[in-house]
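Residue numbers (this note's numbering): 110 to 425.
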Ligand code: ADP
Ligand code: MG
């Protein structure tokens with residue numbers, strides 16, 4: 110086995126921890142996390158330096174449900190606290206699962222979780238036009254009432270009902286990026302930017318202040334990959350490859366794609382906003398910010414994707 114000293118930022122998709130149709134109890138989340146690490150551990154063995162990022166959609170959904178159920182009984186939690194809580198809780202879950210696995214494989218590597226704050230522009234266009242659905246579904250009357258009473262923005266989410274929408278501003282800077290880089294450069298595995306990190310802006314006094322918004326985890330991962338000088342961004346989700354004409358009879362999977370070619374496919378509308386779109390956008394931005402390579406594949410194929418035998422690669 111050839112040892113590498115390459116640094117990879119590995120972004121875990123929702124299915125790494127919660128699976129569709131499987132109750133998202135903590136026991137199940139631990140079980141899935143342990144399974145998902147199967148493809149990551151060989152990378153550590155090969156000498157890859159790793160930053161692990163992850164989504165938090167279902168977990169924040171559950172946090173919001175708890176807030177709803179305990180309204181008037183326990184203090185309300187702003188969205189930023191929910192994100193920070195899930196960065197901590199999910200970070201703990203991934204960290205401990207990885208530590209146990211590494212110990213069994215006789216690999217002596219530290220794993221740490223960092224709660225990330227990520228700077229956004231307080232005038233980001235998404236703040237005036239929120240589009241990211243969060244939390245439960247409501248009837249139109251409930252949605253109208255909550256919009257009035259709670260100041261929520263609400264929108265219809267397909268045929269399933271009405272939901273709260275929040276801004277998803279573009280991440281500009283990860284506050285702890287240089288500390289994360291120092292840790293990774295000395296061989297520590299770092300879990301960071303969970304759920305995209307807590308969005309904050311810089312106020313008129315130069316202080317950080319939270320915003321009621323969420324950051325897309327793929328965008329935050331690409332930013333952190335550029336900031337830490339990673340060689341490789343690995344986006345792991347529930348499909349083995351990115352496709353053109355996804356879900357159509359003429360669907361074709363992509364192997365290795367150059368930057369200009371990928372931009373053209375994106376412009377042709379092959380990658381929808383709520384799913385593959387942010388991954389492709391993140392991939393493009395990482396390469397444009399000096400990154401060498403991005404691979405998008407499934408959790409199961411993580412190792413093969415990195416070694417070149419699976420996934421869709423974006424190169425310069
Ligand atoms: P994650 O939690 O990993 O971010 P998402 O559901 O947001 O997962 O994105 C992955 C999904 O994107 C896949 O399950 C697939 O259904 C969908 N998808 C949309 N367009 C494409 C495409 N062009 N190629 C492959 N998958 C696509
Ligand atoms: Mg997603």
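Don't be surprised by glycine CBs; every beta carbon is placed ideally from N, CA and C.
### Query
residue 323 lies in the alpha helix (DSSP H); which residues open and close that run?
On the chain shown, residue 323 is found 214 positions in, with the first residue counted as 1. Counting along the chain, residue 323 falls outside any alpha helix (DSSP H), and DSSP gives it neither H nor E.
### Task
Assuming residue 162 contacts residue 301 (C-beta within less than 8 Å), just tell me the rounded distance between them.
On the chain shown, position 53 is the one that residue 162 refers to. On the chain shown, position 192 is the one that residue 301 refers to. Cβ-Cβ separation between residue 162 and residue 301: approximately 6 Å, consistent with a contact (criterion under 8 Å).
### Task
Select from 371, 189 and 160 the residue whose C-alpha is nearest the C-alpha of residue 430.
This structure cannot speak to residue 430, because the chain is shown only from 110 to 425.
### Task
Measure the CB-CB distance between residue 195 and residue 158 and report whether it falls below 8 Å.
On the chain shown, residue 195 is found 86 positions in, with the first residue counted as 1. On the chain shown, residue 158 is found 49 positions in, with the first residue counted as 1. With a cutoff of 8 Å on beta-carbon distance, residue 195 and residue 158 are scored as not near each other.
### Query
If we ignore side chains and look at the alpha-carbon of each, how far apart do residue 246 and residue 132 end up?
Residue 246 sits at position 137 when you count from the first residue of the chain shown. Residue 132 sits at position 23 when you count from the first residue of the chain shown. Straight through space, the alpha carbons of residue 132 and residue 246 are spaced by roughly 18 Å.
### Query
So, is residue 185 buried or exposed, given that buried needs 16 or more other C-beta atoms within 10 angstroms?
In the chain shown, the residue the question calls residue 185 occupies position 76. It counts as exposed.
### Message
Buried or exposed for residue 127, going by 16 or more other Cβ atoms inside 10 Å?
### Response
Here residue 127 is taken as the residue at index 18 of the chain shown, counted from 1. A buried status is given to residue 127, since no fewer than 16 other beta-carbon atoms sit within 10 Å of its beta-carbon.
### Message
Considering only their Cβ atoms, is the gap separating residue 395 from residue 379 smaller than 8 Å?
### Response
Here residue 379 is taken as the residue at index 270 of the chain shown, counted from 1. Here residue 395 is taken as the residue at index 286 of the chain shown, counted from 1. In this structure, residue 395 does not lie closer than 8 Å to residue 379 by Cβ.
### Query
Buried or exposed: where does residue 359 fall if 16 or more other Cβ atoms within 10 Å of its Cβ makes it buried?
Position 250 of the chain shown, counted from the start, is the residue given in the question as residue 359. With fewer than 16 other Cβ atoms within 10 Å, it is exposed.
### Query
Hey, residue 405 and residue 392 are a contact pair by Cβ (cut 8 Å); roughly how many whole angstroms apart?
Translated into the one-based positions of the chain shown, residue 405 becomes position 296. Translated into the one-based positions of the chain shown, residue 392 becomes position 283. For a cut-off of 8 Å, the C-beta gap from residue 405 to residue 392 is around 7 Å, short enough to register as a contact.
#### Entry: Contact check, residue 118 vs residue 330, beta carbons under 8 Å
Position 9 of the chain shown, counting from 1, holds the residue named residue 118. Position 221 of the chain shown, counting from 1, holds the residue named residue 330. The answer is yes: Cβ separation under 8 Å.
### Supposed contact pair residue 341 and residue 402 - C-beta distance, whole angstroms, cut 8 Å
What you label residue 402 is simply residue 293 of the chain shown in a count that begins at 1. What you label residue 341 is simply residue 232 of the chain shown in a count that begins at 1. Taking 8 Å as the upper bound for CB-CB distance, residue 402 and residue 341 are in contact here, some 5 Å apart.
### Message
Using 8 Å as the cut-off, can you tell me whether the region 264-282 makes contact with the region 410-424, which would need three or more C-beta pairs spanning the two stretches below that distance?
### Response
Too few Cβ pairs lie closer than 8 Å, so no.
### Alpha carbon of residue 212 to alpha carbon of residue 112, nearest angstrom
As a first step, residue 212 must be located in the chain shown, where it is residue number 103. As a first step, residue 112 must be located in the chain shown, where it is residue number 3. Residue 112 has its alpha-carbon roughly 19 Å from the corresponding atom of residue 212.
#### Entry: Candidates 225, 230 and 204, of which the one nearest residue 219 by Cα
Within the chain shown, residue 219 is the residue found at index 110, counting from 1. Nearest C-alpha to residue 219 among 225, 230 and 204: 204.
### Message
Measuring only from the beta carbon, is residue 122 closer than 7 Å to any heavy atom that is part of the ligand MG?
### Response
As a position in the chain shown, residue 122 is number 13, starting the count at 1. The answer is yes for residue 122.
### Query
DSSP on residue 151, reduced to helix/strand/coil?
Indexing the chain shown from 1 puts residue 151 at position 42. Under the three-state reduction of DSSP, residue 151 is assigned to helix.
### Task
In the DSSP assignment, find the alpha helix (DSSP H) that holds residue 344 and state where it starts and stops.
Counting from one through the chain shown, the residue named residue 344 turns up at place 235. Taken as a continuous stretch (DSSP letters only), residue 344 belongs to no alpha helix (DSSP H), being part of the beta strand (DSSP E) at 341-346.
#### Entry: residue 117 in three-state terms, based on DSSP
In the chain shown, the residue the question calls residue 117 occupies position 8. Three-state DSSP puts residue 117 in a strand.
### Message
Let me check understanding here. Comparing Cα to Cα, which of 336, 321, 382 and 344 lies closest to residue 192?
### Response
On the chain shown, residue 192 is found 83 positions in, with the first residue counted as 1. If we check each option's Cα against that of residue 192, 321 comes out closest.
### Query
Can you name the start and end residues of the alpha helix (DSSP H) that residue 71 belongs to?
The chain is shown only over 110 to 425; residue 71 falls outside these bounds and no answer can be derived.
### Query
Name the DSSP beta bridge partners of residue 352, please?
If you number the chain shown from 1, residue 352 lands on position 243. The partner list for residue 352 (beta bridge, DSSP) reads 362.
### Query
For the alpha helix (DSSP H) that residue 234 lies in, which residues bound it at each end?
For the purposes of this step, residue 234 is taken as the residue at position 125 of the chain shown. Unbroken alpha helix (DSSP H) run through residue 234: 234-237.
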